[in-house]
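Colleague: Same order as they appear, the protein sequences are chains A and B.
Heads up: take any position in the first sequence, counting from 1, add 417, and you land on the numbering used here.
For the second sequence, position 205 matches number 192 in the numbering used here, and the numbering has no gaps at all.
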Amino acid sequence: MPEINHETTIIELKDVSFAYEKEFVVKDVSLVVHKGDYLGIIGPNGGGKSTLLKLILGLLNPTKGEVLLFGKNIEKFKDWPKFGYISQVVAHTDPHFPMTVREVVAMGRYPRLGLVHFPTKEDKEKVQKALEQVEMWEFRDRLIGDLSGGQKQRVFIARALAGEPEVIVLDEPTAGVDVKTQKQFYELLQKLNKELSLTLLLVSHELDVIEHEATEIAYINGSLIYYGAADKFVHSEYFEKLTEKGDHHV
Amino acid sequence: MFNIFQYGFILRGIEVGLIIGAISPLIGIFLVLRRYSLIADTLSHVSLAGVAVGLLLNVNPLLTAIGVSVLSSFAIEKLRLSKKVYGESALSIFLSGSLAIALIILSLAHGFSVDLFNYLFGSILTVKQSDVYIILGVGIVVLISVLLLYKELIYITFDEEAARVGGIPTKFINNIFIVLAALTVALAIPIVGILLISALIVIPVVAALQLKKSFWKTLILAEVFSIISVFMGILASFYLNLPAGGAIVLTTLIIFVLTLFWQKAK
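Right under this line is the structure:
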C-alpha cells in the first residue's frame, strides 16, 4: 500500500467568493485539501456546495479570492487530467445513448491523449484495468442505458480511474440509487482512497453517511461554517444542532 | 430498361449523393444525441438566403449557400451561448429571419423560379461538374475534421461538463462542429433540397438508434442506411420519374419504420 503524504497540498482556496448577479452564494471560503484527504462537502440546498465544487473545477471563476491547484493558480493550471469528475450522472444519463460500458470508460482516457491523438493498445489496457478495479469488466459490452443505477456509478468511477487521476470529485453521486447500492458505492470509494491514495471530494446532502465516510468535513452555508476532521465535527456544536432538528439530510 | 450509368447527369448525381450520404450521419449522430436536430432545419433555411444571393449575383449558389450558412452558424452559436434567448428561440429567429431575407432578395430579381424550385426540393439534373468538385472537396474536409475530432465530439456529446473538467476545449470544438454542420447542410442542397436536408441528416441516425448498438455500430448502420437511401432514391428518380429528394427521404422513412418493426419483433 503506498504511503500517503498528507502534507502535499492538492487544492487551496484563499478567501474565495462567488456571486450570481450581485448575490453571494459562496463567501470568503478558505480551505486546504491535502493528498489522500477524503473531504465531504455538506450543507443545505442552495448553501453553495455545488458552486464551491464548480469553482474548484474551473467551471466558474471566483468573483473574489484565489483557487490554487497543485500549487498553481487555477488560471495557469493545465494538468486537468489529474482530476476525475463525476457529476450527478446516474440521474441524468440518457438511457437510450448508444454507448457500451467500454466506450464510456474509454472517454476517461481522451483528455490525456489530447487533440488529434488516437487511443493505443496501452489506452485499451488502462480501460480494462479501470473496469477490473470496479469489478465491471464482465459488463464491458453492455449498453450503459441497460445497467442499474449502482452499476452505472461503478462505470463512471472507472471512467475517472481510466484517466489516472490524483483527485476524484463527485457531485451527489448517489442521487437516485437505493441504500444497499449506496453502501457498496461508498465501500468502493473507501478502497480507492486507501489503496490508491486517491484524494476524494464528495458533495452530498446525506450528513449521516458523510460523517462516517469522509476524513474531513466542510460544512458550507454561504460561508464555511465548519472545516476540519470528520470525527471532531460529529462532536461539534454544529452537528448537535443539525441532529437536534432531526436533520440527517442537510 | 435504360442503362442508368450511361448518363453523365446521373453519374454526377450518384457521385455527389454518395458523398452527402456518407457525411450526413457523421454530423447527424452528434446533432441527434445532443437534441440539436433542429439546427439542421435552421441552417438549411439560412442556406436558402445564401442561394438567393447567389442567384441574384449570378454566382454559383452552392458557394454563396456555404458562405452564408457558415457565417450564420457562428452567429447562432453566439446568440445561444449568450443565454439572452433560449437555444430553440435562437434557432427560430434565424430560421424565420433568413427565410424573410431570402424572400425579399428573390422578389428583387425575377425569372429564376425554376432554379429556385430545384434548390428547394433538390434536383440531381442540375448538378454541374463544378458542384461535384466543390462537394467532393468540402466533403473531404468535413470527413477528415470529424475523424480527427471524434474523441472530443463523443465526450462532449455524452457529458459536456466532464469533458470540460478534463481539459477538452469544449467551446473550440463546439464552434468547429457547428461549422461542419453548416457545410454539410449547404452541400446537401443540390441532392435533397433545402426543405428535406434535415431529414437526410436526422432520419438514418434515428433509424440506427432503434437497433440499440454501440456508438460505432450505430454510426456504421446510419452510414449504411443513408447511402442506401441516396442510391435507391436516385434509382427511383430515374426509373419511376420521381423527384430524387423526395424519393431519398421516403427511403430513409421506410428504413426507419422497418427498424421500428425489427425492434418490436425482437
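All C-beta atoms, glycine included, are put in the ideal place defined by N, C-alpha and C.
Under the DSSP definition of a beta bridge, which residues are partnered with LYS489/A?
Modeller: LEU486/A
Colleague: Consult DSSP for LEU237/B and reduce its assignment to one of helix, strand or coil.
Modeller: helix
Colleague: Let me check one thing: in DSSP terms, what residues is THR598/A bridge-paired to?
Modeller: None; THR598/A has no bridge partner.
Colleague: Assign TRP497/A to one of two classes, buried (16 or more other C-beta atoms within 10 Å of its C-beta) or exposed (fewer than that).
Modeller: buried
Colleague: In chain order, what residues of the same chain have a beta carbon less than 7 Å from the beta carbon of PHE81/B, not counting five sequence neighbours either side?
Modeller: THR29, VAL33, SER59, ILE63
Colleague: I need the DSSP call for GLU633/A, collapsed to helix, strand or coil.
Modeller: Strand, per DSSP.
Colleague: Got a sec: is the Cβ-Cβ distance from LYS138/B to anything in chain A below 7 Å?
Modeller: At least one chain A Cβ lies under 7 Å of LYS138/B.
Colleague: Are the C-beta of ILE242/B and some C-beta of chain A separated by less than 7 Å?
Modeller: no
Colleague: Kindly say whether LEU167/B, judged by its beta-carbon, lies nearer than 7 Å to any beta-carbon of chain A.
Modeller: no
Colleague: For LEU641/A, verify whether its CB is less than 6 Å away from any heavy atom of the ligand SAH.
Modeller: Absent from the structure shown: the ligand SAH. Ligands present: none.
Colleague: Quick check on TYR603/A: does DSSP put it in helix, strand or coil?
Modeller: helix
Colleague: Answer yes or no: does any C-beta atom of chain A fall closer than 7 Å to that of SER201/B?
Modeller: yes
Colleague: Would the beta-carbon of ALA77/B fall within 7 Å of that of LEU66/B?
Modeller: With contacts defined as CB atoms closer than 7 Å, ALA77/B and LEU66/B qualify as a contacting pair.
Colleague: Note down the Cα distance separating TYR106/B from LEU35/B, rounded to an integer number of angstroms.
Modeller: 8 Å
Colleague: For GLU420/A, count neighbouring Cβ atoms within 10 angstroms of its own Cβ and tell me buried if that reaches 16, exposed if not.
Modeller: Because the pLDDT at GLU420/A is just 47, under 50, the model does not fix this residue reliably, and the value given afterwards should be weighed accordingly. With fewer than 16 Cβ atoms within 10 Å of its Cβ, GLU420/A is classed as exposed.
Colleague: Given a cut-off of 7 Å, decide if GLY482/A and LYS444/A are closer than it, judged by their beta-carbon atoms.
Modeller: no
Colleague: Whose C-alpha, out of ILE188/B, GLU139/B, ALA169/B, is nearest the C-alpha of VAL19/B?
Modeller: ILE188/B
Colleague: I'd like the list of long-range same chain contacts for MET418/A, defined as Cβ closer than 8 Å, with 5 residues on each side in sequence excluded.
Modeller: Residue placement at MET418/A is poorly supported in this model, since its pLDDT is 42, which falls under 50; the coordinates still yield a value, given next. Excluding residues within five positions, the ones whose Cβ falls inside 8 Å are LYS611, GLU612.
Colleague: Do you know how far the Cα of PHE17/B is from the Cα of ILE141/B?
Modeller: 8 Å
Colleague: Taking C-beta pairs closer than 7 Å, name the residues in chain B that HIS513/A reaches, listed in chain order.
Modeller: Listed along chain B, the residues sitting closer than 7 Å to HIS513/A by beta-carbon distance are LEU196.
Colleague: Within 7 Å of any Cβ in chain B, is that where the Cβ of THR537/A sits?
Modeller: No, THR537/A does not count as interfacial toward chain B.
Colleague: Please go through the region 175 to 244 of chain B and give each complete alpha helix (DSSP H) segment of 4 or more residues, from N-terminal end onward.
Modeller: Whole alpha helix (DSSP H) segments, 4+ residues: 184 to 196, 202 to 226.
Colleague: If GLY465/A and GLY639/A are in contact, beta carbons under 8 Å, what's the gap, nearest whole angstrom?
Modeller: 6 Å
Colleague: So does the region 556 to 571 of chain A actually touch the region 594 to 606 of chain A, counting three or more Cβ pairs closer than 8 Å?
Modeller: yes
Colleague: Mind the definition here: the region 122 to 140 of chain B touches the region 191 to 198 of chain B only if three or more C-beta pairs lie below 8 Å; say whether that holds.
Modeller: no
Colleague: Would you call PRO515/A buried or exposed, if buried means 16 or more other Cβ atoms sit within 10 Å of its Cβ?
Modeller: By the neighbour-count rule (16 or more Cβ atoms within 10 Å), PRO515/A is buried.
Colleague: Does the CB of GLU148/B have a neighbour CB from chain A at under 7 Å?
Modeller: Chain A, which has a Cβ nearer than 7 Å to the Cβ of GLU148/B, makes this yes.
Colleague: From the beta carbon of THR616/A, is the nearest beta carbon of chain B less than 7 Å away?
Modeller: no
Colleague: Is THR468/A close to chain B? Criterion is C-beta to C-beta, closer than 7 Å.
Modeller: no
Colleague: Considering only their Cβ atoms, is the gap separating ILE637/A from GLY460/A smaller than 7 Å?
Modeller: Yes, Cβ-Cβ distance for GLY460/A and ILE637/A is below 7 Å.
Colleague: First and last residue of the beta strand (DSSP E) that includes LYS431/A?
Modeller: 426 to 437
Colleague: State whether the region 517 to 524 of chain A contacts the region 571 to 589 of chain A, with contact taken as three or more CB pairs (one from each stretch) at a distance under 8 Å.
Modeller: yes
Colleague: Taking Cβ-Cβ distances shorter than 7 Å, what residues in chain B pair up with LEU619/A?
Modeller: Near LEU619/A there are no residues of chain B at all, since even the closest Cβ is about 15 Å away, more than 7 Å.
Colleague: Give every residue of the same chain whose Cβ lies closer than 6 Å to the Cβ of LEU68/B, excluding the five residues on either side of it in the sequence, and list them in chain order.
Modeller: none
Colleague: Between the Cα of VAL725/A and the Cα atoms of LYS543/A, ILE427/A, THR468/A, which residue gives the shortest distance?
Modeller: Given that chain A is displayed from residue 418 to residue 667, the structure contains no residue 725/A and the question cannot be resolved.
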